[in-house]
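Chains as they are written, first to last, in the working numbering: chain A, 50 to 329; chain B, 397 to 549.
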């Protein structure tokens, strides 16, 4: 008699279940845990920022500010003067002070950082059509300082890199990638909220200062034009700032709700200053 | 952030590619395994160490079969998620199942060309082949070996 081994039954050591099901359950589970964790951490860090004195922020920022700024020129003084004029309208806490710095670089941006330091780049400044738009820009950055946004972002950034370092030490880079991108995207939504809040408060201020909100729309329109030139299309969730069209719409809605005038007389940037900018 | 966006798209493309190619090759492999298992079903593979006395005296020879199989990107990602949460790593189970059966089949093929009809003392060794710096298991080698009794006439 010839020997014949029996056929091995299938499905004992393996499973027929579609791995997509397992993938969906695991990924959604992990992602929701990370989002929940990021939200809890972010909210509690935002809450703790009120206990960190502003002077501490200033002392952290000082070495960097000294390193990256040159001697103050007439443009710095002009920007500072303007900022000093509008800060009383923005109800800043007593211990806060705003220091505006002009940076002679072709970057179309402005930023607020720790210790009330605001940097305005030449690239953006030379594009601004009026002083109203500049006041809006300063108001937007001052609101960031007032609401301690730079400090909050720094806090969150540190915690997220600490956590991903923890997890990263244990698993593969793909999974760490999933975790940290989920964390980053969650934090970006915080960043978009901060931008909207800053737009809002700056618009309130500019309405008090000029009696209309034309500067807001002007600034955002300029930014939108710059964006159109370079933008290769980014989805909303990947942006630190809300879509510019959305921001313009938001300002228009707020103005309408409060019966503010959207258009009005604009003030030009003094010729002396615009010449100084263009000559550099 | 644009770069980040493309990173995520790239990641999903890899996952999708891994899933479809992995599924395709796995199905194809199982088909071939089942077919060849039937073909070699007359060749007995026995785990006992010593040849029973009832067996006629025949020359013996070492037969081996070895196979290296890699997981796809999708499966590896799934398995790594499992390392966070625990549980049965089904993604790797089919990989090892295929590798073991393929190694035994290759050993049988060798025995068959040597005109053997029984293989005794079969052993299976498994080793992982690390394919990146952090030491993740990307592919697996399974090596099966045993003593074949060869028919000389």
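Even for Gly, the Cβ is constructed at its ideal location relative to N, Cα and C.
Using beta carbons (cut-off 8 Å, strictly below), is residue i in contact with chain A?
i, result
"residue 458 of chain B", "no"
"residue 490 of chain B", "yes"
"residue 466 of chain B", "no"
"residue 476 of chain B", "yes"
"residue 545 of chain B", "no"
"residue 481 of chain B", "yes"
"residue 516 of chain B", "no"
"residue 473 of chain B", "yes"
"residue 538 of chain B", "no"
"residue 542 of chain B", "no"
If you measure between the beta carbons of residue i and residue j, is that distance less than 8 Å?
i, j, result
"residue 68 of chain A", "residue 495 of chain B", "no"
"residue 506 of chain B", "residue 542 of chain B", "no"
"residue 145 of chain A", "residue 100 of chain A", "no"
"residue 248 of chain A", "residue 299 of chain A", "yes"
"residue 157 of chain A", "residue 243 of chain A", "no"
"residue 271 of chain A", "residue 132 of chain A", "no"
"residue 152 of chain A", "residue 171 of chain A", "yes"
"residue 376 of chain B", "residue 539 of chain B", "This structure cannot settle anything about residue 376 of chain B, because the visible part of chain B is limited to 397 through 549."
"residue 252 of chain A", "residue 240 of chain A", "no"
"residue 237 of chain A", "residue 209 of chain A", "no"
"residue 510 of chain B", "residue 459 of chain B", "yes"
"residue 313 of chain A", "residue 259 of chain A", "yes"
"residue 515 of chain B", "residue 441 of chain B", "yes"
Please report the distance separating the alpha-carbon of residue i from that of residue j.
i, j, result
"residue 138 of chain A", "residue 113 of chain A", "29 Å"
"residue 161 of chain A", "residue 202 of chain A", "11 Å"
"residue 535 of chain B", "residue 492 of chain B", "10 Å"
"residue 92 of chain A", "residue 402 of chain B", "29 Å"
"residue 547 of chain B", "residue 513 of chain B", "7 Å"
"residue 305 of chain A", "residue 179 of chain A", "22 Å"
"residue 554 of chain B", "residue 76 of chain A", "Residue 554 of chain B lies beyond the range of chain B shown here (397 to 549); nothing can be said about it."
"residue 184 of chain A", "residue 255 of chain A", "7 Å"
"residue 262 of chain A", "residue 315 of chain A", "10 Å"
"residue 291 of chain A", "residue 123 of chain A", "33 Å"
"residue 199 of chain A", "residue 193 of chain A", "7 Å"
"residue 86 of chain A", "residue 233 of chain A", "12 Å"
"residue 445 of chain B", "residue 418 of chain B", "37 Å"
"residue 456 of chain B", "residue 430 of chain B", "28 Å"
"residue 565 of chain B", "residue 501 of chain B", "With chain B represented from 397 up to 549, any question about residue 565 of chain B goes unanswered, as that position is not in the structure."
"residue 472 of chain B", "residue 204 of chain A", "33 Å"
"residue 62 of chain A", "residue 537 of chain B", "18 Å"
"residue 56 of chain A", "residue 422 of chain B", "20 Å"
"residue 207 of chain A", "residue 318 of chain A", "39 Å"
"residue 439 of chain B", "residue 524 of chain B", "29 Å"
"residue 141 of chain A", "residue 135 of chain A", "10 Å"
"residue 107 of chain A", "residue 308 of chain A", "38 Å"
"residue 118 of chain A", "residue 166 of chain A", "11 Å"
"residue 481 of chain B", "residue 89 of chain A", "21 Å"
Mind checking who residue i pairs with in its DSSP beta bridge?
i, result
"residue 461 of chain B", "B/540"
"residue 166 of chain A", "A/148, A/162"
"residue 524 of chain B", "B/536"
"residue 261 of chain A", "A/310"
"residue 183 of chain A", "Per DSSP, none; premise fails for residue 183 of chain A."
"residue 456 of chain B", "B/545"
"residue 516 of chain B", "B/543"
"residue 224 of chain A", "According to DSSP, which records beta bridges pairwise, residue 224 of chain A is partnered with nothing at all."
Would residue i pass as an interface residue toward chain B - the criterion being a Cβ-Cβ separation below 8 Å?
i, result
"residue 300 of chain A", "no"
"residue 51 of chain A", "yes"
"residue 303 of chain A", "no"
"residue 57 of chain A", "yes"
"residue 224 of chain A", "yes"
"residue 158 of chain A", "no"
"residue 63 of chain A", "yes"
"residue 210 of chain A", "no"
"residue 238 of chain A", "no"
"residue 202 of chain A", "no"
"residue 230 of chain A", "yes"
"residue 54 of chain A", "yes"
Please find out if some non-hydrogen atom of the ligand NAD comes closer than 7 Å to the beta-carbon of residue i.
i, result
"residue 412 of chain B", "This structure lacks the ligand NAD, and indeed carries no ligand of any kind."
Q. Between the stretch 67-82 of chain A and chain B, which residues of the former have a C-beta closer than 8 Å to a C-beta of the latter?
A. Within the stretch 67-82 of chain A, the qualifying residues are 68, 69, 71, 72, 75, 76, 78, 79.
Q: Give, in chain order, every residue of the stretch 245-260 of chain A whose Cβ lies closer than 9 Å to some Cβ of chain B.
A: For the stretch 245-260 of chain A, the set of residues with a beta-carbon nearer than 9 Å to any beta-carbon of chain B is empty.
Q.
Output needed in chain order: residues of the stretch 401-416 of chain B with a Cβ under 7 Å from some Cβ in chain A.
A. Going along the stretch 401-416 of chain B in chain order, one finds 401, 404, 407 with a Cβ nearer than 7 Å to chain A.
Q | Positions along the stretch 421-443 of chain B whose CB lies within less than 9 Å of some CB in chain A | A | The residues in question are 426, 430, 433, 434, 436, 437, 438, 439, 440, 441.
Q. Got a sec: which bits of the stretch 485-512 of chain B sit with their beta carbon under 7 Å from any beta carbon on chain D, in order along the chain?
A. Of the protein chains in the structure, A and B, none is chain D.
Q: Name, going along the chain, the residues of the stretch 96-125 of chain A whose beta-carbon falls closer than 7 Å to a beta-carbon of chain B.
A: Shown here is that no member of the stretch 96-125 of chain A has a Cβ falling below 7 Å from a Cβ of chain B.
Q: Would you list, in chain order, the members of the stretch 126-156 of chain A that have their beta-carbon closer than 7 Å to a beta-carbon of chain B?
A: Here the close residues number zero.
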